[in-house]
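In the working numbering, the protein residues as written are 1 to 239.
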Amino acid sequence: MGFETTDMKNAFLNWSSGKDAAMALEIVQKSTSMKVVELFTTISKAHQRVSMHGLRLDLLQAQANALGLPLKLLQLEDQINLKNYGDAISKVLDSYKSNGISDSVFGDIFLEDLRAYREEQSARYGVKCHFPLWQKDTKTLIRSFVEKGYEAIIIAADADLFDANFVGSCIDKNWLDHLPRGVDPCGEHGEFHTFCFNGPLFSKKVGFHLGEKVKRSYPFVDKDKNRTEKSFWFMDLYI
Numbered sequence: 001m002g003f004e005t006t007d008m009k010n011a012f013l014n015w016s017s018g019k020d021a022a023m024a025l026e027i028v029q030k031s032t033s034m035k036v037v038e039l040f041t042t043i044s045k046a047h048q049r050v051s052m053h054g055l056r057l058d059l060l061q062a063q064a065n066a067l068g069l070p071l072k073l074l075q076l077e078d079q080i081n082l083k084n085y086g087d088a089i090s091k092v093l094d095s096y097k098s099n100g101i102s103d104s105v106f107g108d109i110f111l112e113d114l115r116a117y118r119e120e121q122s123a124r125y126g127v128k129c130h131f132p133l134w135q136k137d138t139k140t141l142i143r144s145f146v147e148k149g150y151e152a153i154i155i156a157a158d159a160d161l162f163d164a165n166f167v168g169s170c171i172d173k174n175w176l177d178h179l180p181r182g183v184d185p186c187g188e189h190g191e192f193h194t195f196c197f198n199g200p201l202f203s204k205k206v207g208f209h210l211g212e213k214v215k216r217s218y219p220f221v222d223k224d225k226n227r228t229e230k231s232f233w234f235m236d237l238y239i
């Protein structure tokens, strides 16, 4: 790995492939003090898809190509525990720091505990975290996202909140106007996940086809530490 040295800080962006990451990328790339030089994504080692929502790797790579940025992947075991996850991320942080990259960008907006975890872990390797969307109004963010010409499709959604028709829908003004009450417009509480496939940062629109919709359940520990299951709808996309 090698990156050009300039007066600007070089950063890597923790890339989910979704709208929040795209909005964070836009803010940083417009700044005069920092630029994103690489996207970083965790993937399922077993399934070779994005860990969070199952996006296929060829679409993830096509997206990175359209953004003109290299893509670094970290393969993780499914149902990895927190210690092993932390160990794997630590190696990535150490590698970036060794190559002169000491700044990391995230698209998080509200989750205090998650931010604290990221900052604590990164600080051990001298990497500073940046949260360009932090505490911004999510309704304003998502409306601006649409107005600027970005396009994103819902590829995963909480089955307790949405039926199968919600996955596969694209974010636009009509979508925003009909979002159920109580659902964060950016899905910041895990209500849904997206794939951003077009917008001002893209050299071209990322083409894809709609595949099958599936419902999957996972072990889940609620706020009272009760073990239960959580179900999500997924929309498969393919080139």
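Ideal Cβ placement from N, Cα and C applies to all residues, glycine included.
In whole angstroms, what is the alpha-carbon distance linking Ala66 and Leu59? If you number the sequence shown from 1, residue 66 lands on position 66. If you number the sequence shown from 1, residue 59 lands on position 59. Each residue's Cα considered, the two are about 10 Å apart.
Gly211 versus Asp158 - alpha carbon distance: Here residue 211 refers to the residue found at position 211 of the sequence shown. Here residue 158 refers to the residue found at position 158 of the sequence shown. So the alpha carbons of these two residues sit roughly 19 Å apart.
With 16 other CB atoms within 10 Å as the buried threshold, where does Ile239 fall? For this step, residue 239 is matched to residue 239 along the sequence shown. Exposed.
DSSP three-state assignment for Ile89, whether helix, strand or coil: One-based indexing of the sequence shown puts residue 89 at position 89. Of the three classes helix, strand and coil, the one that applies to Ile89 here is helix, per DSSP.
May I ask which residues mark the beginning and end of the alpha helix (DSSP H) holding Asp177? Start at 1 with the first residue of the sequence shown, and residue 177 comes out as number 177. That run of the alpha helix (DSSP H) goes 173-177.
Can you tell me whether Ala64 is buried or exposed? The criterion is at least 16 other CB atoms within 10 Å of its CB, across all chains shown. Reading the sequence shown from its first residue, position 64 is the one you call residue 64. Buried: at least 16 other Cβ atoms inside 10 Å.
List the endpoints of the continuous alpha helix (DSSP H) containing Ser231. Counted from its first residue, the sequence shown places residue 231 at position 231. Careful: Ser231 lies outside any alpha helix (DSSP H), inside the beta strand (DSSP E) at 227-238.
Which residues in the same chain as Lys230 place their Cβ atom closer than 6 Å to its Cβ, once the five residues preceding and following it in sequence are excluded? Taking the first residue of the sequence shown as 1, we reach residue 230 at position 230. Here the set comprises Tyr218, Phe220.
Starting from Thr140, trace the alpha helix (DSSP H) both ways and give me its first and last residue. Numbered from its first residue, the sequence shown carries residue 140 at position 140. Residue range 138-147 is occupied by the alpha helix (DSSP H) that includes Thr140.
Given 8 Å, three or more beta-carbon pairs between the region 116-129 and the region 81-93: Flag = yes, the region 116-129 and the region 81-93 touch.
Residue from Ser44, Phe202, Tyr150, Lys72 with nearest C-alpha to Gln79: As a first step, residue 79 is located in the sequence shown; it is residue number 79 there, counting from the start. Of all alpha-carbon atoms in Ser44, Phe202, Tyr150, Lys72, the one lying nearest the alpha-carbon of Gln79 is that of Ser44.
On the criterion of 16 or more Cβ atoms from any shown chain inside 10 Å, does Gly199 qualify as buried, or is it exposed? In the sequence shown, residue 199 corresponds to position 199, counting from 1. Burial check for Gly199: the Cβ neighbour count within 10 Å reaches 16 or more, so the residue is buried.
Proximal residues to Leu69 (C-beta, below 6 Å), its chain only, five neighbours per side dropped: As a first step, residue 69 is located in the sequence shown; it is residue number 69 there, counting from the start. These residues qualify, in order along the chain: Leu39.
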